[in-house]
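Counting in the numbering used here, the final residue of the sequence shown is number 483, and the numbers go up one at a time with none missing.
C-beta: ideal position from N, C-alpha, C; glycine also.
These numbers come from a predicted model, not from an experiment.
Reading through the C-alpha cells given below for one structure.
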Amino acid sequence: MTHSVLIKNGTIVTAADSYQADVYIKGEAVHTIGKNLNALPPFNQANKIIDATGCYLFPGGIDPHTHMELPFMGTYSSDSFESGTLAGLYGGTTTIIDFAIQAQGKSLNAGLDEWHRKADGQAVGDYAFHLAVTDFNEQTQAEVQEVIQKRGVSSFKIFMAYKGALMVDDLQIARLMAETARFGGMVIAHTENGDMVANNVAQLLTEGHTGVKYHGLSRPPICEAEAAGRFMDLAHHGEHECYIVHLTCEESLNRVRKATQRNQRVFVETCIQYLMFNDSQYELPGFEGAKWIFSPPLRKAKDQEALWHGMNQNLIHTVATDHCPFCLDQKRMGEQDFSKIPNGAPGIENRFELMYSEGVEKGRISLNKFVDVTSTAAAKIFGMFPRKGTIAVGSDADIVIFDPTVEHTYSVENQHMNCDYSAYEGWRVKGKCRTVLLRGTVAIDEGKTLINKGFGKYIHRAPVMEPLLSESQKTGDTPCQIG
Ligand code: URP
Ligand code: ZN
Ligand code: ZN
C-alpha cells in the first residue's frame, strides 16, 4: 500500500500565498491540500499524522550553489555528498545543485561521470548538477546537446577568475552561450576579472603583504563589477539570458540595474555570507579571518544593505551558500601567504534559518520573498519547477515544518557539516526547522535523522529556456558557428 502522511493545522507559505490548510501526501508527492482534511477519510487514516500547529509549512529549500568534495587549491572541500546533503536537510535544504567540474583537457561527460560517482548512492538529500566548463573547444562543443537533453544538466558555469586554473576567456564564454542556447541551456558565471586579481595578488606579495586581510584588498569590487558587466554584455550581444553567481556588492548590482534598462534578462544570485558579514571579519586577530576567505570576498556594510534592497527590487533572485568548507588545518596552508588559503566556507546548514531570522524576523523581506529566494526562484530558473520549489498538488512533498518561536544558537558543537568551525559561532537564531520531509518521507524530526545515505535522488533538470532551434534543427549535425 502506498505510504501516506497528513500534516494538519500548519500555515502553508509559498512564493505567492500564505494560508492555513492541511496537506495530504501519498507516496512521494502532495496529493491534496484543503481545510480540515483531518475530519475526513481517507485523509485522517494516513499512515502518519503530523500536527503542525503554530508552524509554517515551507517548500524544501533549494541551494543552487554548492561544492561537495571539490578538488580546489591543492585540497578538497571537506563535505562529502553524504555529510553535506544531510547537513542541508537539518537546515531545511532538501535539494542542492552542485557544480560538476570539467577537468581541463577532458570531456564534459567525464566531468559529469565523476560527480555522479561522488554523489550516487551517497547523497541523503536530492541533488542536481550544473556543469563548470573549463575548456570549451570543438570536442566539448559537440557534447552540449547530450549534456542538456540526456543528462539533465542545463546550466553551464564559467569562471572569469582563478587565472591559470579554472578561468576561461571571453571567446569561450561567447561560444558556450551560443551553443547552450541552441538546446535551452544557459551560461552562469563567477564574475571576477582574473587578470586584475592575479596582478593585484602578485603586487601585494612582492610588497610583503601576506596576511589574511590582503585577500579582500586583492579583489576589490571593481574586479567583480567589470567582469559582471562584461559577462552581461556578452550575453546581450548574443541575445542570451544569463545568471551571475555569488554577486556581492553595490557596484555589480548597479551594472545589473543598467542591464535591465536595455531590457536584458539577467538572473542574479547572492549568498548568505554576503548578507550576514562585512569585511571587518578580515581584521580579526591572528589567522581567525581565514574562516571567511572565499571569493569574491566580504564587502562593506553599504553593500550588505544594497543586497537586501536588491532582493526586494527583484534584481536579486536567489540566495545560495557557495557551500565549500575547508577545515582549519586546510586553511593553514595559507598561513604565510593569503593567496594559498583555500577559498570557501561552510553554510548549507545555516542559510534557510538565517534568511528567516535575519530577513523575515527583522522585517527586511516578506515571508513570500523568503520562500522565493530560498527555494522557488531556483526551481524556476533551473528547470525543476513545479516538481520542486513549491507546495502544490503533484509537487514532490519536500516540506519544512518550521517553528518560528524556537530560538537556538549556532555552534560547531551542534552542526552536521563536516567542518571544524562554524562561520556563525554563537549566533542566536529565531525559528527552527522542526521536521523536514523529503519526497513524502520524514527525513529529520526534532534533531533526529530518519533516512540514510542513498535516499537522495538525482534530479534530471529540464532545459532552462525555450531552445532557440526547432525540433528538426536540433539534430546537432550543424554546430553553431560564431565569430
Ligand atoms: O571561494 C569560493 N567561492 N570557493 C568556491 C569556488 C567558487 O568560486 O565558487
Ligand atoms: Zn565562484
Ligand atoms: Zn562556488
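Contact set for residue i: own chain, Cβ-Cβ below 6 Å, skip 5 residues either direction
i, result
"residue 320", "63, 64, 65, 269 and 271"
"residue 35", "21"
"residue 251", "221 and 225"
"residue 24", "6, 31, 32, 37 and 43"
"residue 90", "349, 416 and 444"
"residue 168", "158"
"residue 10", "52, 55 and 57"
"residue 308", "364"
"residue 128", "97, 459 and 461"
"residue 455", "124"
"residue 83", "418"
"residue 170", "none"
"residue 467", "183 and 184"
"residue 267", "243, 317 and 381"
"residue 47", "3 and 4"
"residue 300", "278"
Which residues DSSP lists as bridging residue i, in chain order
i, result
"residue 438", "441"
"residue 20", "11"
"residue 402", "56 and 433"
"residue 290", "Residue 290 pairs with nothing; no bridge assigned."
"residue 167", "159"
"residue 366", "DSSP output for residue 366 lists no bridge partner at all."
"residue 189", "158 and 244"
"residue 407", "430"
"residue 382", "Per DSSP, none; premise fails for residue 382."
"residue 319", "270"
"residue 296", "Its beta-bridge partners do not exist; DSSP assigns none."
"residue 4", "26"
"residue 345", "323"
"residue 61", "93"
"residue 98", "66 and 129"
"residue 454", "None, per the DSSP bridge assignment."
Distance cut-off 7 Å: residue i Cβ against heavy atoms of ligand 2
i, result
"residue 63", "no"
"residue 23", "no"
"residue 168", "no"
"residue 245", "yes"
"residue 190", "yes"
Beta-carbon contacts of residue i that lie in its chain and below 7 Å, excluding the five residues immediately before and after
i, result
"residue 255", "225, 228, 229 and 232"
"residue 463", "148, 154, 183, 184, 185 and 383"
"residue 302", "250"
"residue 94", "60, 61, 125, 126, 398, 436 and 438"
"residue 421", "291, 328 and 412"
"residue 218", "197, 200, 201 and 204"
"residue 194", "160, 161, 162, 163 and 167"
"residue 2", "26 and 27"
"residue 296", "192, 219, 224, 246 and 248"
"residue 449", "86"
"residue 216", "279, 282, 297 and 298"
Residue i Cβ short of 7 Å to ligand 3 heavy atom set
i, result
"residue 322", "yes"
"residue 487", "Since the first and last residues shown for the chain are 1 and 483, residue 487 lies out of range."
"residue 67", "yes"
Expected contact under 8 Å - CB spacing of residue i and residue j to nearest Å
i, j, result
"residue 223", "residue 188", "Not a contact, Cβ separation roughly 18 Å."
"residue 389", "residue 375", "5 Å"
"residue 399", "residue 60", "6 Å"
"residue 377", "residue 317", "4 Å"
"residue 18", "residue 368", "7 Å"
"residue 419", "residue 352", "In fact, because the Cβ distance is near 18 Å, the residues do not count as touching under 8 Å."
"residue 426", "residue 403", "No, residue 426 and residue 403 are not in contact; Cβ-Cβ is about 21 Å, not under 8 Å."
"residue 429", "residue 357", "4 Å"
"residue 253", "residue 315", "6 Å"
"residue 453", "residue 122", "5 Å"
"residue 396", "residue 29", "6 Å"
Spatial neighbours of residue i in its chain, beta-carbon cut-off 8 Å, leaving aside the 5 residues before and after
i, result
"residue 157", "99, 130, 131, 132, 133, 187, 188, 189, 190 and 245"
"residue 273", "292, 294, 298, 321, 322, 345, 347 and 423"
"residue 446", "434 and 435"
"residue 79", "68, 69, 87, 323, 325, 346, 348, 417, 418 and 419"
"residue 366", "360"
"residue 331", "287, 290, 291, 293, 341 and 342"
"residue 262", "236"
"residue 14", "59, 368, 371, 376, 390, 391 and 392"
Heavy atom of ligand 1 within 7 Å of residue i beta-carbon
i, result
"residue 294", "yes"
"residue 215", "no"
"residue 344", "yes"
Worksheet item: Within the chosen definition, does the region 112-129 reach the region 68-81 through at least 3 CB pairs nearer than 8 Å?
Response: yes
Item to complete: Could you tell me whether the region 195-203 touches the region 325-335, using the rule of 3 or more Cβ pairs below 8 Å?
Response: no
Worksheet item: Quick check: the region 426-444 against the region 102-112, are there 3 or more CB pairs under 8 Å?
Response: Short answer: they don't touch.
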